[in-house]
Amino acid sequence: MDELSALAEKYKTDKGLWHHGYTPHYHRHLQHLRQTAQCVLELGIGGYEYPDRGGESLRMWADYFNVAEIHGVDIHDKSGIKKGARITTHVGSQDDVNFLVDLVGKIGNPDVVIDDASHINTLSIRSFQILFPLLKPGGIYICEDVETSYWPEHGYGGCRETDSLLPKTAVNYFMKRVHDINRKVSDLPIKSIHFYPGTVIIEKL
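Offset between the sequence shown (1-based) and our numbering: plus 796.
Okay, structure coming up:
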């Protein structure tokens, strides 16, 4: 078992092998940043509206990255969760451009962004559009639970328009970015895009 998957087990986050199985992919793409990353930003803290629930993955990230400050954003106040060293929580919406830009101005440009917030397609796309330009060069952006692209209740779900690649769902939005960077028409400094079951990992130039 890789080190991040072991930490996911320790902190009981659903990113681990026992549930989503994201952590082996994340370890592959993030391990080179473990000693150098200064700022990690995660959208969505978990625990729904309860102020003392959630934060499992924040604690995992704090253990995985040696010196990075770990920042979690949620629409609910999470001041009551067990934080530990180097963890700070913030209250705000994942599509509030003023809030997110102001937050990055205070905490610094992130090395890593993880979107584990609403999983509503339009909001996931909007978060990427706001935060990817603010990511440090060489940084990693992760969009989780993109299987909601196929769930009608999550806005433009029930995805069937793969041939036309209309960017209404998160999956199709990121698929279109693949075409853009290969056609050399992208206005975003994307180095690579990696698709795994349920998650997309984007590396910035």
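Note that beta-carbon positions come from the ideal geometry of N, C-alpha and C, so glycine has one too.
- Note: G868 is bridge-paired with E838 and T885 in the DSSP secondary-structure output.
- Under the DSSP assignment, K987 falls in the beta strand (DSSP E) whose first and last residues are I986 to Y992.
- The C-alpha of Q890 lies about 30 Å from the C-alpha of D798.
- Straight-line measurement puts the Cα of A804 at about 16 Å from the Cα of T995.
- For the pair C835 and P906, the CB atoms are nearer than the 8 Å cut-off.
- The segment 968-985 and the segment 835-851 do not touch, with fewer than 3 CB-CB distances between them shorter than 8 Å.
- Nearest Cα to W857 within the set R849, E845, P847 and A833: A833.
- Between P993 and D898, the alpha-carbon positions lie close to 33 Å from each other.
- Residue pairing for E999: DSSP places it in a beta bridge opposite I936 and S988.
- By the Cβ neighbour-count rule, G935 is buried, with 16 or more other Cβ atoms within 10 Å of its own.
- Per DSSP, the beta-bridge partners of V909 are L837 and Y937.
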